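Trainee: Dumping the structure here so I can ask a few things about it.
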Amino acid sequence: MSESLLPRIAILGFVLEANRNAPVSDRAVFEETLYLDGAGIAAELAGDRTGLPSTVQGFSEEMDSRGRWTPVPILLAEAPPGGPADHAFFSEMIETMNAGLSEAGSIDGVYICEHGAGLSTELDDADGEIFALARSVVGPDVPIVATLDLHGHVTPRMNDAADVLVSYRTNPHVDGADRGREAAGIMLDLLADKRAHSVLVRVPMICPSVSLLTAEGPYADLIDYGQSLMAPTIINVSILAGFAPADATTNGMSIVVSARDDVDGGREAAKKVASLIAERAWADRARYLARLTSLDDAIARALAVSNDLDLPGIILADVADNPGGGGRGNTTYILRRLHEENAQGVVVGMMIDPPLAAEAHQLGEGATFSALFNRDDENQFSQPYVAEATIECLASGPFLGRRGIYAGRRVNLGKCALLKLGESRVVVASHRQQCADPVFLERMGIDVSSVRTLVIKSRGHFRAGFDEFYAPENILEVDAPGLTTPVLERLGLTRVPRPIYPLDPDMSWRAPT
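Okay, structure coming up:
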């Protein structure tokens, strides 16, 4: 095949899980994490690809393995979960994508790497804006396939613009590369003149984040049920539970079923499958309510394991201060209690505090000083805390993730320090990420297997990283204050569509037939 006949596939994406109450995500936040223009994407594709989202890694690897193709890299922007994207930056990004697509010449397909719960400071359907842009440039006949996080929201605008949407099926999200590979296979089928039709059903329910694990529980059951309905006419079943802290008009559960549109009965099959899944989700709605451990009970458990070495160590998951959901990663509610009650064998991973990390680097390893946490942060939950600390270890620069969602990806936490506060040791980092991989601690000299109480600022992704050390029954999801609390009544939701469960517990709803 000549170079001119190779399929030319545009690659673009905007990855942001937006928390309405978190500080705005501006250009600097994206550039600190991932902002690659066409040349930057091309360089990654020509290298080890560890700087790309796992879905893009999987998509490109599958395209490579299935034959020759020509990537047409446009723009990839990713930020840690945080506040809505600054709209001026978002508009500039849209213009860059528009120019890149318009000037790329002939395009045979478009692959979009997206989260699905993106907001700008002026738009609730930021993702839909990108999907609609791509469709407007390439026209109605060029296939568009996208990958999405299962915490995304699918809007009619997104579904109408794309041919097939492929969401994660695991939480923690360890199947990103697999879903990218699946998207590539679907793209190749569409390029071979197969056609697709997608049906979207939106279920009026908001699911607390802690109820959305896929090893077991209601969401696991629902995803398994969806996969059990796969058939020769069905291309993909995606069930996106949404992201409550987005507080957007797009909130709710989205069920997307894609079917063959070039065979008889494809559309009807997609409608039937989507309706069956929606009915099952609604029937199970009460199973999604959050069940947390009180702070007092969590501290009591930590004191118990610190005093009895025959008991297994525990994880206290600070789910309300999860950087993976827009939390700042710096609340001190749990740290303060453990430190003041002298719990033994405690490690906190991590506190995000750039000024404190910088001060530790200035003082050097071995120095003792009064560590002031949150000297600059003005968030209502980020209260200052002072404690005498000894600097045990310093680190900086990028490293490679080892397990879970970070496995095989380059990570840069900026300047980091390990501080010893009495019997507690605290990893302080500069760049906001959730502690979901043991290597975040191991690179600081911590033997995770010896930790009695590990405080993790993460909602659930840590489970795929730390499962080699802590069994599920030794993980406590703690009810503490924070921007990512799973207690929906504390989020101050004002923009979600109403009625919606469980905010309107007595509402009725039926799936479309």
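Per our numbering, the sequence shown starts with residue 521, numbered consecutively.
Even for Gly, the Cβ is constructed at its ideal location relative to N, Cα and C.
Model, not experiment: these values are computed from the prediction.
Measuring straight from C-alpha to C-alpha, what distance separates A740 and V686?
Mentor: So the two alpha carbons sit approximately 17 Å from each other.
Trainee: Under three-state DSSP, which class holds F763?
Mentor: Correct three-state label for F763: coil.
Trainee: Note down the Cα distance separating D606 from R1015, rounded to an integer number of angstroms.
Mentor: So the two alpha carbons sit approximately 19 Å from each other.
Trainee: Could you tell me if M521 is buried or exposed, where buried requires 16 or more neighbouring beta carbons within 10 angstroms of its beta carbon?
Mentor: In this prediction, M521 has a pLDDT of 37, which is less than 50 and means its spatial position is unreliable; what the coordinates show is noted afterwards. Flag for M521 reads exposed.
Trainee: Do A637 and A538 have their C-beta atoms closer together than 7 Å?
Mentor: Yes. Within cutoff.
Trainee: Closer than 7 Å, CB to CB, is R923 near chain B or not?
Mentor: Included in the structure is just one protein chain, with no chain B present.
Trainee: At which residues does the alpha helix (DSSP H) containing P875 begin and terminate?
Mentor: First-last of the alpha helix (DSSP H) with P875: P874 to L883.
Trainee: What do you get for T769, buried or exposed, if any count of 16 or more other CB atoms within 10 angstroms of its CB means buried?
Mentor: The residue in question, T769, is exposed, as its Cβ has fewer than 16 Cβ neighbours within 10 Å.
Trainee: According to the Cβ coordinates, are F989 and V968 closer than 7 Å?
Mentor: In this structure, V968 lies closer than 7 Å to F989 by Cβ.
Trainee: Check whether the Cβ atoms of A909 and L933 lie closer than 7 Å to each other.
Mentor: No, these two residues do not count as a Cβ contact at 7 Å.
Trainee: With a threshold of 7 Å on Cβ separation, who are the neighbours of S890 within its own chain once the five nearest residues in sequence on each side are excluded?
Mentor: Answer for S890: V906 and E908, listed in chain order.
Trainee: Decide if G847 is buried, meaning its Cβ has at least 16 other Cβ atoms within 10 Å, or exposed.
Mentor: So G847 counts as buried.
Trainee: Note down, in chain order, each residue of its chain lying with its Cβ closer than 7 Å to the Cβ of E552, except the 5 sequence neighbours on either side.
Mentor: Here the set comprises H951.
Trainee: What residues in its chain sit with their C-beta under 7 Å from that of D698, if we drop five residues either side in the sequence?
Mentor: The residues are G578.
Trainee: Please name the residue, chosen from I706, G924, D568 and K935, that lies closest to P875 on a Cα-to-Cα basis.
Mentor: The residue with the shortest Cα to Cα distance from P875 is K935.
Trainee: According to DSSP, is E912 helix, strand or coil?
Mentor: Residue state, collapsed to three classes: strand.
Trainee: With the cut-off set at 7 Å, would you say N771 and I743 are in Cβ contact?
Mentor: Cβ atoms of N771 and I743: not closer than 7 Å.
Trainee: Give me, in chain order, the residues of the same chain whose beta-carbon lies closer than 6 Å to that of S729; leave out the 5 immediate sequence neighbours on both sides.
Mentor: R979 and P1006, listed in sequence order.
Trainee: Cα separation between V657 and G625?
Mentor: So the two alpha carbons sit approximately 11 Å from each other.
Trainee: Which class does H717 belong to by DSSP, given the choice of helix, strand or coil?
Mentor: Correct three-state label for H717: strand.
Trainee: Is the beta carbon of G965 closer than 7 Å to that of C913?
Mentor: Yes, the Cβ-Cβ distance between C913 and G965 is below 7 Å.
Trainee: Taking just the CA atoms, how far does E997 sit from A810?
Mentor: If you take the alpha carbons of A810 and E997, they lie about 10 Å apart.
Trainee: Using DSSP bridges, identify the partner residues of G869.
Mentor: Partner(s): V947 and I976.
Trainee: Compute the Euclidean distance between the alpha carbons of I529 and P591, then round it to the nearest angstrom.
Mentor: Distance between the alpha carbons of I529 and P591: 5 Å.
Trainee: Which ranges would you report for the beta strand (DSSP E) in the segment 787 to 869 if only whole runs of at least 3 residues count?
Mentor: Here the runs fully enclosed are 834 to 837.
Trainee: How long is the line joining the alpha carbons of Q882 and M750, rounded to whole angstroms?
Mentor: Each residue's Cα considered, the two are about 58 Å apart.
Trainee: Using a 10 Å radius around the Cβ and a threshold of 16 neighbouring Cβ atoms, would you call A619 buried or exposed?
Mentor: Its Cβ having fewer than 16 others within 10 Å, A619 is exposed.
Trainee: Using a 10 Å radius around the Cβ and a threshold of 16 neighbouring Cβ atoms, would you call S806 buried or exposed?
Mentor: According to the sequence provided, residue 806 is Ala. The question's Ser does not apply to it. Under this definition A806 is an exposed residue.
Trainee: Span of the beta strand (DSSP E) holding P591?
Mentor: Looking at the DSSP string, the run of the beta strand (DSSP E) that includes P591 is T590 to E598.
Trainee: Taking all protein chains shown into account, decide if Q747 is buried (16 or more other Cβ within 10 angstroms of its Cβ) or exposed.
Mentor: Per the 10 Å Cβ criterion, exposed.
Trainee: Just to confirm, are E595 and L643 a CB contact at a threshold of 7 Å?
Mentor: The displayed chain sequence assigns Leu, not Glu, to residue 595. Going by C-beta atoms, L595 is not nearer than 7 Å to L643.
Trainee: How should L525 be labelled, buried or exposed, when 16 other C-beta atoms within 10 angstroms of its C-beta is the threshold for buried?
Mentor: Per the 10 Å Cβ criterion, exposed.
Trainee: Assuming G700 and E885 form a contact by the criterion Cβ under 8 Å, report the distance between their Cβ atoms to the nearest whole angstrom.
Mentor: With 8 Å as the limit, G700 and E885 do not qualify as a contact, their Cβ atoms being about 41 Å apart.
Trainee: The beta strand (DSSP E) that contains S687, what's its start and end?
Mentor: That run of the beta strand (DSSP E) goes V684 to S687.
Trainee: Taking only runs that begin and end inside the segment 653 to 700, name each unbroken beta strand (DSSP E) of 3 or more residues, in chain order.
Mentor: Qualifying beta strand (DSSP E) stretches, in chain order: 664 to 668 and 684 to 687.
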